[in-house]
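Residue numbers (the UniProt record's numbering): 1 to 231. Idealized CB from N, CA, C, for every residue including glycine. Data first, discussion second: the structure below is written as structure tokens.
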């Protein structure tokens, strides 16, 4: 919700700034090559100008939707791990229940691997573009020795890019921590009441959970808080 509010606020700020500056000078919000003269008439200019603003708002909302989708899928993994932990905490010497837990844990890992394969390039492009935008905005801000109103859109835009990187790293880090936490919860089970075969079966989950679920962007940069600090 906070990310959406920040994106909408930035879009409104860009729109108002453009209306108060560029529109009066009959300039478009963004420089663009067009197959016609947009200054040929007032109607043509207004339509072209409105097209850019509508595209700005629509693009920002689509961006929020895509980010929310990926983060929602990461949250789903965390929820599945919590369900598995609850099932393990209530487990007894019933082998059918243990078999279901092992299959559930294996399914979580397979789902996470498939998700990482599907979105690895998307996440990588988001990281690269957002980092380039932050660097570009910082460079533009250092070019001017005076602080004026034009700094506000740049600051908001840079905040959006940093927030975008942060939410990916935050939820990726949560998935990693949740997957490691499974081992701790298994050791919290009352092992003295379990038979030998049951304990050996639990070791299957422990061995699998010893390697955490870690999302990466193109298998290069890990999605965790350490990566965000590095950016």
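Measure the C-alpha to C-alpha separation of residue i and residue j and round it to an integer number of angstroms.
{"i": "residue 108", "j": "residue 77", "result": "7 Å"}
{"i": "residue 85", "j": "residue 191", "result": "15 Å"}
{"i": "residue 181", "j": "residue 117", "result": "24 Å"}
{"i": "residue 12", "j": "residue 20", "result": "12 Å"}
{"i": "residue 201", "j": "residue 194", "result": "11 Å"}
{"i": "residue 67", "j": "residue 58", "result": "14 Å"}
{"i": "residue 208", "j": "residue 22", "result": "59 Å"}
{"i": "residue 159", "j": "residue 38", "result": "33 Å"}
What do you reckon, are the CB atoms on residue i and residue j nearer than 9 Å?
{"i": "residue 140", "j": "residue 154", "result": "yes"}
{"i": "residue 104", "j": "residue 87", "result": "yes"}
{"i": "residue 112", "j": "residue 213", "result": "yes"}
{"i": "residue 215", "j": "residue 172", "result": "yes"}
{"i": "residue 40", "j": "residue 29", "result": "no"}
{"i": "residue 249", "j": "residue 157", "result": "No information on residue 249 is available, as it lies outside the stretch 1 to 231 that the chain covers here."}
{"i": "residue 81", "j": "residue 183", "result": "no"}
{"i": "residue 70", "j": "residue 119", "result": "yes"}
{"i": "residue 9", "j": "residue 64", "result": "no"}
{"i": "residue 162", "j": "residue 134", "result": "yes"}
DSSP state of residue i, grouped into three classes?
{"i": "residue 21", "result": "coil"}
{"i": "residue 68", "result": "helix"}
{"i": "residue 222", "result": "strand"}
{"i": "residue 29", "result": "coil"}
{"i": "residue 59", "result": "helix"}
{"i": "residue 73", "result": "helix"}
{"i": "residue 90", "result": "coil"}
{"i": "residue 184", "result": "helix"}
{"i": "residue 39", "result": "coil"}
{"i": "residue 189", "result": "coil"}
Using the DSSP secondary-structure output, state which residues sit across from residue i in a beta bridge.
{"i": "residue 216", "result": "222"}
Any heavy atom of the ligand FMN inside 8 Å of the beta-carbon of residue i?
{"i": "residue 182", "result": "Here there are no bound small molecules, and the ligand FMN is not part of this structure."}
Under 9 Å, Cβ to Cβ, is there at least one residue of chain B near residue i?
{"i": "residue 167", "result": "Any reference to chain B falls outside this structure, which holds one protein chain only."}
Legend entry - Minimum length 4: unbroken alpha helix (DSSP H) runs contained in the stretch 92–158: You should have 95–143.
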